[in-house]
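A.B. asks:
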Amino acid sequence: MSKTKAKTRFFCQECGAESSQWMGKCNSCGAWNSYVEEVMDKTTANSTVRKKSANTSSKPILLQEVATHAVQRNITPDAEFNRVLGGGIVPGSIILIGGEPGIGKSTLMLQLALQMKGQTVVYISGEESEQQIRMRAERIGIGNETCYLYTETALDKIFNALESIQPSWIVLDSIQTLHSTIIDAPAGSVSQLRQCTAELQRYAKETDVPVFLIGHITKDGVIAGPKILEHIVDAVLQFEGDRHYSYRLLRTLKNRFGSTAEIGIYEMQTNGMRQVTNPSDLLITNNNDELSGISIAATMEGMRPLLIETQALVSKAVYGTPQRSTTGFDLRRLHMLLAVLEKRCGFYYGDKDVFINIAGGLKIEDPAIDLSIVCALLSSMLDIPLPPRVCFAGEVGLSGEVRTVARLEQRISEAEKLGFKEIIIAEGYKNAHENNRNIRIKEMKTVSDVYAYLFG
């Protein structure tokens, strides 16, 4: 007697698109060689891991009849985490946290679970043993006596355990290790990721229990799995930073309950993550008064103003082709700024090696850093230090003009708070001549004017 052949489908690992046959290029997202074969188990396709609540309403109602009430957020002891989420954890929300291996995702979430005193937290791990997590918890400090640890990857067993514990919120490390009995596919596949995330979303909405999902990222820096994961969850947080530096940024990529323009800043220490409440003071070297090629930029990361140190090194190329290297800054942007300096100011960099570094391991995309980079390049080439306690905030255009930038008032206030005596900006700032400030605001029209003011 012949057995019934299992039906298979092909799924794109990048976007989750489905096809009946293998395709070299995905028609949805354009990715190459991203289709993988998965077995579809139709006998259980209509079943669910967890039964829906009988009280779930399915009757359509008028928009005007929907009762509104203020959402009571769960405020955590971590002020940086509250800032990124828009003021705290919303009940019933499902939050995805991604980041490179070893960046500190598990440490951050375990630390948060151990800080939530008086709340029942379940930390579910599919990657580490109980002993490993206990050792990390002892290093961080166990402050929550009702923090449960469960090492399991089967979703049905996890739901059974949660029903008996009735937690206040849940951490799952990681979503790529979970598997559901509904789908006959390995853990981490497109079908399993989609099914497990949908079941966890249903659980969060029915019980008002927030769920945190830790996710892996690909070599391109995006969260592994189909894009549908980011559509299902309520918030997507990216934990980023250079593993060779101690600073970490928690950035909001999506947030249904708050702004996506917020970041949290942490410092990795042996006893966990330390909140950095005044990052500008830590990112600036105090002994740079007599060093050329160093300037201070007033930049914005999300809604937070930061004063950061930009470093430039210009030297004669002795190995033939000049080198151009950047750390934390766009290389193409550097090429544009060098062309502006050559065309508008008469400085020739064609036979020079040029190196740019953003101190602290940060990656800055704010165009307001342009003027600081230009001044650092001029200072290094002339080997003349910039005046002390001076910072810059301005975008540089192709014609050499200095353009104004957004949220200038916040940048000026941050520079004034840190004791800077002067800030150089573009022309047109309406409050430039206020007398009640402890910082002098200098307006400039072009890069040539800035050069003449600083070095002329």
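When we follow our numbering, the leftmost residue of the sequence shown carries the number 5, and every step to the right adds one.
Even for Gly, the Cβ is constructed at its ideal location relative to N, Cα and C.
Because the structure is a prediction, the values reported are computed rather than measured.
#1: By the DSSP assignment, the beta strand (DSSP E) with A430 in it spans what residues?
#2: So, under 8 Å CB-CB, I174 and V213 are touching, yes? Tell me the CB distance rounded to an integer number of Å.
#3: Any idea what DSSP makes of F459, helix, strand or coil?
#4: Quick one, which of A158, C349 and K367 has its alpha-carbon nearest R252's?
#5: Would you mind reading off the limits of the beta strand (DSSP E) that contains I218?
#6: Give the single residue among K231, S299 and P64 whose Cα lies nearest to the Cα of T201.
#7: Three or more C-beta pairs under 8 Å: does that hold for the segment 84-103 against the segment 133-141?
#8: Taking the alpha carbon of S195 as the point to measure from, which residue in C30, A430 and L233 has its own alpha carbon closest?
#9: Taking just the CA atoms, how far does C33 sit from I362?
#10: Counting only the same chain and skipping the five closest in sequence on each side, list residues whose C-beta sits under 6 Å from that of L112.
#11: When burial is assigned at 16 or more other CB atoms within 10 Å of the CB, is Q315 buried or exposed?
#12: Given a cut-off of 9 Å on the beta-carbon distance, is the pair Y154 and I162 in contact?
#13: Mapping DSSP to helix, strand and coil, what is F163?
#14: If I measure Cβ to Cβ from P283 and keep anything under 7 Å in the same chain, skipping five residues before and after, which residues do I get?
#15: Enumerate in chain order the residues of its own chain whose CB-to-CB distance from L257 is below 8 Å, with the five nearest sequence positions on each side excluded.
#16: Can you tell which of A189, L159, Q170 and I221 has its C-alpha closest to the C-alpha of E203?
#17: Using the C-alpha atoms, what's the distance from F261 back to A74?
#18: Answer yes or no: do D374 and L341 have a C-beta to C-beta separation smaller than 9 Å?
#19: Do L217 and L254 count as a contact pair if the criterion is CB distance below 9 Å?
#20: Work out the CA separation of A35 and F14 for me, nearest whole Å.
#21: Please classify A71 as buried or exposed, where buried requires at least 16 neighbouring CB atoms within 10 angstroms.
#22: Helix, strand or coil, according to DSSP, for V451 in the structure here?
#23: Do you know whose CA, among N86, I79, R407 and V358, lies nearest Q279's CA?
#24: Exposed or buried, what is K356 when buried is set at 16 or more other beta-carbons lying within 10 Å of its beta-carbon?
#25: Tell me which residue opens and which closes the alpha helix (DSSP H) that C200 is part of.
#26: Can you tell me which of N148, Q115, T150 and T157 puts its alpha carbon nearest to the alpha carbon of E132?
#27: Are the beta-carbon atoms belonging to R393 and G423 less than 9 Å from one another?
C.D. replies: Let me lay it out:
#1: Locating residue 430 in the sequence shown gives position 426, counting from the first residue. E426 to A430 is the extent of the beta strand (DSSP E) around A430.
#2: Along the sequence shown, read from residue 1 onward, the residue named residue 174 stands at position 170. Along the sequence shown, read from residue 1 onward, the residue named residue 213 stands at position 209. Taking a contact as a CB-CB distance under 8 Å, the pair I174 and V213 counts as one, their CB atoms being some 6 Å apart.
#3: The residue you call residue 459 lines up with position 455 of the sequence shown. Helix at F459.
#4: In the sequence shown, the residue the question calls residue 252 occupies position 248. In terms of Cα proximity to R252, the closest of A158, C349 and K367 is K367.
#5: Within the sequence shown, residue 218 is the residue found at index 214, counting from 1. Its beta strand (DSSP E) spans residues V215 to G219.
#6: Position 197 of the sequence shown, counted from the start, is the residue given in the question as residue 201. Closest by alpha carbon: K231.
#7: Inter-segment contact for the segment 84-103 and the segment 133-141 is absent: fewer than three beta-carbon pairs are separated by less than 8 Å.
#8: Within the sequence shown, numbered from 1, the residue matching residue 195 stands at position 191. Measuring from the Cα of S195, the nearest candidate turns out to be L233.
#9: Counting from 1 along the sequence shown, the entry for residue 362 is found at position 358. Counting from 1 along the sequence shown, the entry for residue 33 is found at position 29. Near 34 Å, if we compare the C-alpha coordinates of C33 and I362.
#10: Looking up residue 112 in the sequence shown gives position 108. Excluding residues up to 5 positions away in sequence, M277 lie with their Cβ nearer than 6 Å to the Cβ of L112 in the same chain.
#11: Position 311 of the sequence shown, counted from the first residue, corresponds to residue 315. Q315 should be labelled buried.
#12: Stepping through the sequence shown from its first residue, residue 154 is reached at position 150. Stepping through the sequence shown from its first residue, residue 162 is reached at position 158. Yes, they are a contact pair.
#13: Position 159 of the sequence shown, counted from the first residue, corresponds to residue 163. It is helical.
#14: Taking the first residue of the sequence shown as 1, we reach residue 283 at position 279. The residues I269 and L310, in chain order, have a CB closer than 7 Å to that of P283 in the same chain once the five nearest residues on each side in sequence are set aside.
#15: Counting from 1 along the sequence shown, the entry for residue 257 is found at position 253. Within the same chain, L257 has close Cβ partners E234, V240, L241, Q242 and T264.
#16: Taking the first residue of the sequence shown as position 1, residue 203 is located at position 199. The residue with the shortest Cα to Cα distance from E203 is L159.
#17: Start at 1 with the first residue of the sequence shown, and residue 74 comes out as number 70. Start at 1 with the first residue of the sequence shown, and residue 261 comes out as number 257. About 12 Å.
#18: Translated into positions along the sequence shown, residue 374 becomes position 370. Translated into positions along the sequence shown, residue 341 becomes position 337. For D374 and L341, yes; Cβs fall inside 9 Å.
#19: Locating residue 254 in the sequence shown gives position 250, counting from the first residue. Locating residue 217 in the sequence shown gives position 213, counting from the first residue. No, Cβ-Cβ distance for L254 and L217 is not below 9 Å.
#20: Counted from its first residue, the sequence shown places residue 14 at position 10. Counted from its first residue, the sequence shown places residue 35 at position 31. About 14 Å.
#21: Here residue 71 is taken as the residue at index 67 of the sequence shown, counted from 1. Exposed, by the Cβ-count rule.
#22: Here residue 451 is taken as the residue at index 447 of the sequence shown, counted from 1. V451 carries a helical assignment under DSSP once its states are collapsed to helix, strand and coil.
#23: Translated into the one-based positions of the sequence shown, residue 279 becomes position 275. The residue with the shortest Cα to Cα distance from Q279 is N86.
#24: By one-based count along the sequence shown, residue 356 stands at place 352. Residue burial annotation: K356 is buried, with at least 16 other C-beta atoms found within 10 angstroms of its C-beta.
#25: In the sequence shown, residue 200 corresponds to position 196, counting from 1. First-last of the alpha helix (DSSP H) with C200: V194 to T211.
#26: Counting from 1 along the sequence shown, the entry for residue 132 is found at position 128. The residue from N148, Q115, T150 and T157 with its alpha-carbon nearest to that of E132 is T157.
#27: For the purposes of this step, residue 393 is taken as residue 389 along the sequence shown, with counting starting at 1. For the purposes of this step, residue 423 is taken as residue 419 along the sequence shown, with counting starting at 1. Yes. Within cutoff.
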